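**Student:** Going by the numbering used here, the sequence shown opens with residue 11, and the numbers climb by one from there.
C-beta atoms are modelled at their ideal positions from N, C-alpha and C, and glycine is treated no differently.
The structure presented is a predicted model; accordingly, all values stated were derived computationally and were not measured.
The structure under discussion is supplied below as structure tokens; questions concerning it will follow.
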Amino acid sequence: EFVGRLPVVVVFDELTREDLVEILKNPNNPIILSKRYDFKAYGIDIKFEEEALSRIAEMAAAEKTGARGLVSAIERVLIPFEKTLPSTQVRTLVVTPEIVEDPEGRLKELLENPEDPERTVRFEKAAEDERRNIEEYIGARADEFKKKYGLELYDRRVALIAKLYLEDICDVNTAFEEFREMYGEIRSREASLPEQLEVDVCFDDSAVDEIIQKAIRTGESAGDLALDLATRLEYGLKLLRDRSGIEKFVINHEAVTDMEKYINDLLKRHYREKGAGEDGSA
11 EFVGRLPVVV VFDELTREDL VEILKNPNNP IILSKRYDFK AYGIDIKFEE
61 EALSRIAEMA AAEKTGARGL VSAIERVLIP FEKTLPSTQV RTLVVTPEIV
111 EDPEGRLKEL LENPEDPERT VRFEKAAEDE RRNIEEYIGA RADEFKKKYG
161 LELYDRRVAL IAKLYLEDIC DVNTAFEEFR EMYGEIRSRE ASLPEQLEVD
211 VCFDDSAVDE IIQKAIRTGE SAGDLALDLA TRLEYGLKLL RDRSGIEKFV
261 INHEAVTDME KYINDLLKRH YREKGAGEDG SA
């Protein structure tokens, strides 16, 4: 009844440097994502050290224009690199506090010594920190993501979703959607296998994760990879079924990474159980 009739005064607190740092560190932040995408278009992988993000936030806070200041601060730091590096052989860039303080000077140093081992070490550390931050972000919101996407989450799966996020340059929700789509492809293919094979198989979650990892690495369809795996396993599993009487086989991660060992282990387990049964009856 009173909505729209009573005067409402809204006061916004000024964003502090700490607030701006948190915005930059958020994995769904479009400012950093867009820069990652821009550089990737030139074949350049860009990483940010946390202290560099802090310095950028400090520059933005000084402008007193809120989050908009982050855009201009990022542009001032990265435009020299974005204009110059695509025409060079440099394929990685780690944004350091030194680059934030002196973009032109550090660009000159990079061009003079592109193979600097210290720069490589810092890039790798920044990449590892980024991966860990994404995994921690997902882990802290695991219940929310489980409910939203209907997926079980554990360390291995969180790492795969983080990998999708990093390689596809997307926000976290998109990474989950891509993972769920591949998961669905595998389960859909699994449901059709009884019509295509002469042996009954299913994939446990460890196998699904391995197939998805292979799909990420190769760019192949997760569903096609699942069918190919089951088809290649068919002959060995049929022989084992005829010898053991086992009617249904659960394919695990080992079948994806080492098919021969997976079949051999099933055979060994069958003969161990058979021997134990004979000893017991004797």
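Between Ile33, His263, Ile179 and Ala137, which has its C-alpha nearest Leu43's C-alpha?
**Tutor:** The option with the nearest alpha carbon to Leu43 is Ile179.
**Student:** Going by beta carbon distance, what residues of the same chain come within less than 8 angstroms of Gln223, once the five residues before and after it are set aside?
**Tutor:** Closer than 8 angstroms at Cβ, skipping near neighbours: Leu170 and Lys173.
**Student:** Does the Cβ-Cβ distance between Leu161 and Ala152 come in under 7 angstroms?
**Tutor:** Against a cut-off of 7 angstroms, the Cβ pair of Ala152 and Leu161 comes out as no contact.
**Student:** Return the residue from the list Thr130, Tyr175, Arg142 and Tyr193 that minimises the CA-CA distance to Tyr159.
**Tutor:** Closest option to Tyr159, Cα to Cα, is Tyr193.
**Student:** Under a Cβ-count criterion, where at least 16 other Cβ atoms within 10 Å of its own Cβ denotes burial, should Pro37 be classed as buried or exposed?
**Tutor:** The residue in question, Pro37, is buried, as its Cβ has 16 or more Cβ neighbours within 10 Å.
**Student:** How close, in whole Å, do the beta carbons of Phe133 and Phe155 come, if the pair is a contact with beta carbons under 8 angstroms?
**Tutor:** In fact, because the Cβ distance is near 29 angstroms, the residues do not count as touching under 8 angstroms.
**Student:** Taking the alpha carbon of Arg199 as the point to measure from, which residue in Ile221, Thr184, Asp181 and Lys248 has its own alpha carbon closest?
**Tutor:** Cα-wise, what sits closest to Arg199 is Ile221.
**Student:** Ignore the nearest five residues each way along the sequence and tell me which others in Val168's own chain have a CB closer than 7 angstroms to its CB.
**Tutor:** Closer than 7 angstroms at Cβ, skipping near neighbours: Glu145, Ile148 and Gly149.
**Student:** Can you list, in chain order, the residues of its chain whose CB lies under 8 angstroms from that of Arg190, leaving out five sequence neighbours each side?
**Tutor:** Closer than 8 angstroms at the Cβ level, and outside the excluded window around Arg190, lie Tyr159, Gly160 and Leu161.
**Student:** By Cβ distance below 6 angstroms, which residues in the same chain neighbour Pro107 in space, the five residues on each side in sequence not counted?
**Tutor:** Taken in chain order, the residues that qualify are Glu61, Ala62 and Arg65.
**Student:** To the nearest angstrom, report how far apart Pro40 and Asp181 are at their CA atoms.
**Tutor:** Approximately 8 angstroms, taken between the alpha carbons.
**Student:** Could you give the uninterrupted runs of the beta strand (DSSP E) lying entirely in the stretch 89-140, keeping only those of 3 residues or more?
**Tutor:** Whole beta strand (DSSP E) segments, 3+ residues: 102-105.
**Student:** Once you ignore the five residues that flank Lys45 on each side, which residues in its own chain have a CB closer than 7 angstroms to its CB?
**Tutor:** Ile56, Ile84 and Leu88.
**Student:** On the three-pair Cβ rule with 8 angstroms, is the stretch 206-218 touching the stretch 242-256?
**Tutor:** The stretch 206-218, when compared against the stretch 242-256, does touch it at the 8 angstroms Cβ threshold.
**Student:** Using a Cβ-Cβ cutoff of less than 6 angstroms, which residues in the same chain neighbour Arg27 once the five nearest sequence positions on both sides are dropped?
**Tutor:** So the list reads Ala67, Glu68 and Ala71, once near-sequence residues are dropped.
**Student:** Please list the terminal residues of the continuous alpha helix (DSSP H) segment that includes Ile33.
**Tutor:** Start and end: Arg27 to Lys35.
**Student:** Span of the beta strand (DSSP E) holding Asp178?
**Tutor:** Per DSSP, Asp178 belongs to no beta strand (DSSP E); it is in the alpha helix (DSSP H), Asp165 to Asp178.
**Student:** In the structure shown, what three-state DSSP assignment does Lys157 receive?
**Tutor:** Here Lys157 sits in helix by DSSP.
**Student:** Suppose you measure from the CA of Leu249 to the CA of Glu140; what does that come to, to the nearest Å?
**Tutor:** C-alpha separation (whole angstroms): 47 angstroms.
**Student:** Excluding five sequence neighbours on each side, which residues of the same chain lie with their C-beta closer than 8 angstroms to the C-beta of Asp219?
**Tutor:** Same-chain partners within the cutoff: Arg166, Arg167, Leu170 and His263.
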